[in-house]
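Chemist: Here the protein sequences line up with chains A and B, keeping their order. The first sequence begins at 1 in my numbering and counts up by one. The second sequence begins at 111 in my numbering and counts up by one.
There are 2 protein chains.
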Amino acid sequence: MGLAKTEMFTDMQNEIALFAKVFGHPARVAILQHLFKINSCVCGDLVNEIGLAQPTISQHLKELKHLGLIKGNVEGTSVCYCINTDNWTKMKETMLQFLDQDISNKTDCC
Amino acid sequence: MGLAKTEMFTDMQNEIALFAKVFGHPARVAILQHLFKINSCVCGDLVNEIGLAQPTISQHLKELKHLGLIKGNVEGTSVCYCINTDNWTKMKETMLQFLDQDISNKTDCC
DNA sequence: AATATTAATCGTAATATTGCAATGAATAAA
DNA sequence: TTTATTCATTGCAATATTACGATTAATATT
Numbered sequence: 001m002g003l004a005k006t007e008m009f010t011d012m013q014n015e016i017a018l019f020a021k022v023f024g025h026p027a028r029v030a031i032l033q034h035l036f037k038i039n040s041c042v043c044g045d046l047v048n049e050i051g052l053a054q055p056t057i058s059q060h061l062k063e064l065k066h067l068g069l070i071k072g073n074v075e076g077t078s079v080c081y082c083i084n085t086d087n088w089t090k091m092k093e094t095m096l097q098f099l100d101q102d103i104s105n106k107t108d109c110c
Numbered sequence: 111m112g113l114a115k116t117e118m119f120t121d122m123q124n125e126i127a128l129f130a131k132v133f134g135h136p137a138r139v140a141i142l143q144h145l146f147k148i149n150s151c152v153c154g155d156l157v158n159e160i161g162l163a164q165p166t167i168s169q170h171l172k173e174l175k176h177l178g179l180i181k182g183n184v185e186g187t188s189v190c191y192c193i194n195t196d197n198w199t200k201m202k203e204t205m206l207q208f209l210d211q212d213i214s215n216k217t218d219c220c
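#1: Decide yes or no for the touch test of the region 136 to 152 of chain B against the region 170 to 177 of chain B: beta carbon pairs closer than 8 Å, at least 3 of them.
#2: Can you name, in chain order, every residue of its own chain whose Cβ lies under 8 Å from the Cβ of L156 of chain B, other than the five neighbours on each side?
#3: Once you ignore the five residues that flank V79 of chain A on each side, which residues in its own chain have a CB closer than 8 Å to its CB?
#4: Could you tell me the alpha carbon to alpha carbon distance between G178 of chain B and N197 of chain B, rounded to whole angstroms?
#5: Step through the CB atoms of chain A and report whether any lies within less than 8 Å of the CB of L209 of chain B.
#6: So with Cβ pairs under 8 Å, would you call C153 of chain B a contact of chain A?
#7: For E125 of chain B, which residues in the same chain have their Cβ closer than 7 Å to its Cβ, ignoring the five residues on either side in sequence?
#8: If you draw a straight line from the alpha carbon of F208 of chain B to that of A130 of chain B, how long is it in whole angstroms?
#9: So, at 8 Å on beta carbons, what are the nonlocal neighbours of F36 of chain A in its own chain, with the 5 sequence-adjacent residues on each side left out?
#10: Chain B beta carbons: is any one of them nearer than 8 Å to that of D47 of chain A?
#11: List, in order along the chain, the chain B residues whose C-beta lies closer than 9 Å to that of M8 of chain A?
#12: Check the C-beta distance from L162 of chain B over to A137 of chain B and give it rounded, since I have them as a contact under 8 Å.
#13: What in chain A is Cβ-close to I126 of chain B, meaning under 8 Å?
#14: Please name the residues in the region 169 to 183 of chain B whose beta-carbon is closer than 9 Å to at least one beta-carbon of chain A, in chain order.
#15: Interface residues of chain A around K216 of chain B at Cβ under 7 Å?
#16: Cβ of M1 of chain A less than 8 Å from any chain B Cβ?
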């Protein structure tokens with residue numbers, strides 16, 4: 001039914017899934033990489049950079065902002081976006097706990 | 111239209127998005143954590159462990175296998191699954207390139 | 001005030017994902 | 001051979017996501 005049963009998983013499993021989900025679209029990956037590259041960016045520049053329509057980019061930015069990975073500041077008629085460094089660091093630590101699971105003592109059983 | 115325009119993104123951006131997408135559901139996160147924890151597991155055990163129906167677990171396993179993150183071996187009537195350590199390491203390196211982008215010289219502009 | 005610029009929001013269509021019951025295939029056990 | 005066990009596959013319904021045109025809101029410019 002297209003509905004993840006979050007109540008049967010741990011908080012951490014749900015948190016990892018939420019972060020991963022937002023990275024699960026190349027446009028959002030590209031937006032974040034560009035924000036890292038130039039430190040600060042307005043929505044219109046991202047529209048030119050990425051090549052999707054303005055409402056589409058705006059929606060992706062909304063999701064990134066909702067998860068706290070970016071900040072947005074109104075500056076006149078434009079909006080300045082940048083990485084939320086504190087939250088990015090926290091997210092990275094959570095993801096690393098998942099990605100860095102001990103693999104050294106694994107025998108390839110299959 | 112619910113269709114990611116992969117042709118407008120780099121191979122790496124698409125690859126990151128594919129890996130992230132498969133981590134974007136807590137059941138798959140839980141499956142992988144359990145496989146790491148006990149090294150090897152049959153499908154039926156995962157059904158008991160996770161609490162979803164057998165066809166649902168089977169489908170999640172299929173996606174993980176399709177991306178090469180796990181291996182599956184038939185052993186009589188049961189099927190043994192385990193982490194594909196080589197591919198896990200490769201995936202981790204790709205994800206780290208994305209997660210570990212330099213944050214040190216960032217001024218919080220917003 | 002009138003117009004231009006910028007970005008969010010709304011509505012809608014197309015596609016994807018999730019979950020499970022039912023079924024099928026394959027081996028094991030009797 | 002018959003029955004049980006285990007897991008994959010199919011088909012379906014419910015929900016989510018993606019993308020964009022049209023519109024709206026807000027500030028800037030003239």
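We put the CB at the ideal spot given by N, CA and C, even for glycine.
Modeler: On the basis of the supplied data:
#1: Counting Cβ pairs under 8 Å, three or more are found: they touch.
#2: The beta carbon of L156 of chain B sits closer than 8 Å to the beta carbons of I141, H144, I167, L171, Y191 from its chain, once the five residues preceding and following it are set aside; these are given in chain order.
#3: V42, C43, G72, N73
#4: 6 Å
#5: Yes, its Cβ sits closer than 8 Å to a Cβ of chain A.
#6: It does not: the Cβ of C153 of chain B has no partner Cβ on chain A nearer than 8 Å.
#7: Excluding positions up to five away in sequence, the list reads T204.
#8: Between the alpha carbons of F208 of chain B and A130 of chain B lies a distance of about 11 Å.
#9: I83
#10: According to the sequence shown, residue 47 of chain A is Val rather than Asp. False, the Cβ-Cβ gap to chain B never drops below 8 Å.
#11: P136, A137, A140, I160, G161, L162
#12: 6 Å
#13: F23, P26, V29
#14: I180, K181, G182, N183
#15: Result: N39, I83, T85.
#16: no
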